[in-house]
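Peer 1:
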Amino acid sequence: MALDVGTGSGILALELAGKGWSVIATDLSKEAVENAVENVEEAGLRGRVEFVRADLLQFLREGVKIDLIVFNAPYLPSQEPVGDTYTYSWHGGSKGGEAIERLIGIIEEKGLEVGEILLTYSTLSHIEEGISRLRRMGYKVETIDEKPDFFHKILLLRAAKPTIKQSRGKT
Ligand SMILES: C[S@@+](CC[C@H](N)C(=O)[O-])C[C@H]1O[C@@H](n2cnc3c(N)ncnc32)[C@H](O)[C@@H]1O
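Our numbering puts the sequence shown at residues 6 to 176.
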């Protein structure tokens, strides 16, 4: 089972479902969830994707096993107030990596058994604490891709736990 956190338009959920994954897609924004449902229905993949409107992974029970989490996170630092669908999409708190740090914290606190995590961040995000925490939790963490943007770089982080067997594809 794969979890698409912050699904937005549902693009990553669609990609995963198209590859045969069973997906749970979540977003904090009501409009985003409605939009993602529409897009997944249009693609004929509704049977493969469940939707939950939720703050990150708060809806999960303790100890749940998840093969893959993808999170194209909001990663830019800002002092602006948050509160609508537009700001949710990019606002990463005052240091930039707030949603990412919280996601990692929830994985540890709930004892979730996550095999692999793929998430985007920025050279402006300051997620050093989260990366150290993942390593202490037994993950192998590496930045596997990067792309220059106007004023920063967008990075793709992969954290994998070799002890958790992956069931890539169908569940
Ligand atoms: C950069 S967008 C990514 C959208 C889509 N996954 C994509 O790749 O195009 C970040 C998404 O995370 C959602 N989001 C922000 N904070 C969240 C939170 N605390 N819990 C769940 N979703 C959140 C936003 O509403 C937004 O849809």
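Glycine included, each C-beta is placed from N, C-alpha and C at the ideal position.
1) Using the beta-carbon count (16 or more within 10 Å), is lysine 175 buried or exposed?
2) Taking lysine 24 as the reference, which of Ala37, Glu36 and Ala7 has the closest Cα?
3) Could you check what DSSP says for threonine 128 in three-state terms: helix, strand or coil?
4) What span of residues does the alpha helix (DSSP H) with arginine 138 cover, start to end?
5) Could you spell out the range, first to last residue, of the beta strand (DSSP E) harbouring arginine 107?
6) Let me check understanding here. Comparing Cα to Cα, which of Gly88, Pro153 and Ile105 lies closest to glutamate 36?
7) Is the Cβ-Cβ distance between leucine 161 and serine 127 less than 8 Å?
8) Assuming arginine 138 contacts isoleucine 109 (C-beta within less than 8 Å), just tell me the rounded distance between them.
9) Straight-line CA distance for glutamate 55 to valine 28?
10) In three-state DSSP terms, what is glycine 23?
11) Mind checking glycine 68: buried by the 16 CB within 10 Å criterion, or exposed?
12) Run the proximity test for aspartate 32: is its beta-carbon closer than 7 Å to any non-hydrogen atom belonging to ligand 1?
13) What does DSSP give as the partner residue(s) for threonine 148 in the beta ladder?
14) For asparagine 40, is the beta carbon positioned less than 7 Å from some heavy atom of ligand 1?
15) Going by the C-beta, is tryptophan 26 closer than 7 Å to any heavy atom of ligand 1?
16) The alpha helix (DSSP H) spanning threonine 90 covers which residue range?
17) For arginine 51, collect the residues of the same chain with a Cβ closer than 7 Å to its Cβ; drop the 5 residues on either side in sequence, then sort them by chain order.
18) Looking only at its chain, what residues have a beta carbon closer than 6 Å to the beta carbon of valine 38, apart from the 5 residues adjacent to it on each side?
Peer 2: Taking the geometry as given:
1) Residue confidence for lysine 175 is low, a pLDDT of 45 falling below 50, so the modelled location carries little weight; the figure read from the coordinates is stated next. Exposed, since its Cβ has fewer than 16 Cβ neighbours within 10 Å.
2) Ala7
3) Threonine 128: coil per DSSP, three-state reduction.
4) 133-141
5) Segment 103-114 is the alpha helix (DSSP H) holding arginine 107; no beta strand (DSSP E) there.
6) Gly88
7) no
8) 5 Å
9) 6 Å
10) helix
11) exposed
12) yes
13) Partner(s): Leu162.
14) It does not: the Cβ of asparagine 40 is nowhere closer than 7 Å to a heavy atom of ligand 1.
15) no
16) Looking at the DSSP string, the run of the alpha helix (DSSP H) that includes threonine 90 is 90-95.
17) Val45
18) Asp32, Phe56 and Arg58
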